[in-house]
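Encoded as structure tokens, the structure appears first; notes follow it.
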Amino acid sequence: MVRIARTVALAPVPRPWLVDALGAVTDLAESTTAEDGRVLLPDGRQVPELRLAEGRHLRPGAVYESTEEADAGKNADTVRITVEEWRRTHALRVAFSGSGSDGDLTGRAALFGPDRPDRVELSGRAALTGVWSPLSRFDADVELRCGDWWQAADEGGGVRRPPLRARLTCGVARAELTAVPRPGPDHGDWEVTVTVRVRGRGLLRPLVSLALALARRPLARAVAEAVDDAARDWNAQVPQLTALGPEELRQQLLTEP
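Per my numbering, numbering of the sequence shown is gapless, rising by one per residue and ending at 314.
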């Protein structure tokens, strides 16, 4: 097994702001209507590249389709989103599937406690085309425990397990990622430690373990660069978002092309 850790400073997201922002987004979604398959904003404009294919708008069983035109010689990429639950007092849950020239993707996403975020869960499975068979199928799952995250990030309180956990599994390897925040030195930024563990699995486990050991240094550099790049993007964009109030955020969403 290879273990790599990297700590970065991230601009914080105040929990009250997140609650208000999610409320604004959910309010906007619930203010839309559906007419002849078109999804319409409150001002009558159509939501581009999205149509209601089956069921009643924002009710369990509703199916939405989004198709993106592909390059010449490739099939169009199509995504189907099915509403499994839409209750702001409990959870918002959807299933999704996509197909295109690069392969197929299926999965589920859930936000528990939309009006006061408690937990986010994502899971999915991908089947890629034109890839070596042991690397052609991936299973992934992600869990963010919101209460534990903000407790650790804002108060420095200990948590029993990392608030953010992700796993990615293919035929020959398994990667696990965790993230644990704590208050920065000046209680402004968050200091987030990202830990990645990679191990072999299946019949090729001994060979994969050897390859991981030999490639540890370049792998560590790649992980560090990826985490640093993600932190740089986060710090460039998040402060601009958290400076917006709920109504400003709503207006920005409405003016997005």
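Don't be surprised by glycine CBs; every beta carbon is placed ideally from N, CA and C.
Beta-ladder partner(s) of residue i, from DSSP
i	result
S180	R165 and D198
T235	R222 and T252
W207	BP columns for W207 are empty, so no partner.
L97	T90 and Q103
S154	R137 and T163
L271	None; L271 has no bridge partner.
W247	L67 and P240
CA-to-CA distance, residue j to residue i, given in whole angstroms
i	j	result
A152	D286	30 Å
G160	P275	29 Å
A279	G257	18 Å
A281	A268	19 Å
P303	G155	32 Å
L271	A277	11 Å
D134	A183	14 Å
G157	D93	26 Å
G204	P174	8 Å
I61	L75	30 Å
E87	P242	41 Å
P263	N292	40 Å
Local conformation of residue i per DSSP, three classes
i	result
A62	strand
D159	coil
P240	strand
R72	helix
L301	coil
G257	strand
Rounded Cβ spacing between residue i and residue j (contact assumed at less than 8 Å)
i	j	result
R116	W143	7 Å
V136	V295	Actually they are not in contact, since the Cβ atoms of V136 and V295 sit about 26 Å apart, beyond 8 Å.
V104	E111	Their Cβ separation, rounded to whole angstroms, is 17 Å, which puts V104 and E111 out of contact at 8 Å.
R222	R231	Rounded, the Cβ-Cβ distance is 13 Å, inconsistent with contact.
R194	G164	That pair is no contact at about 13 Å.
Kindly provide the ranges of any beta strand (DSSP E) runs that are 3 or more residues long and lie completely inside the stretch 106-146, ordered along the chain. Listed in chain order, the complete beta strand (DSSP E) runs (minimum 3 residues) inside the stretch 106-146 are 120-125 and 134-144.
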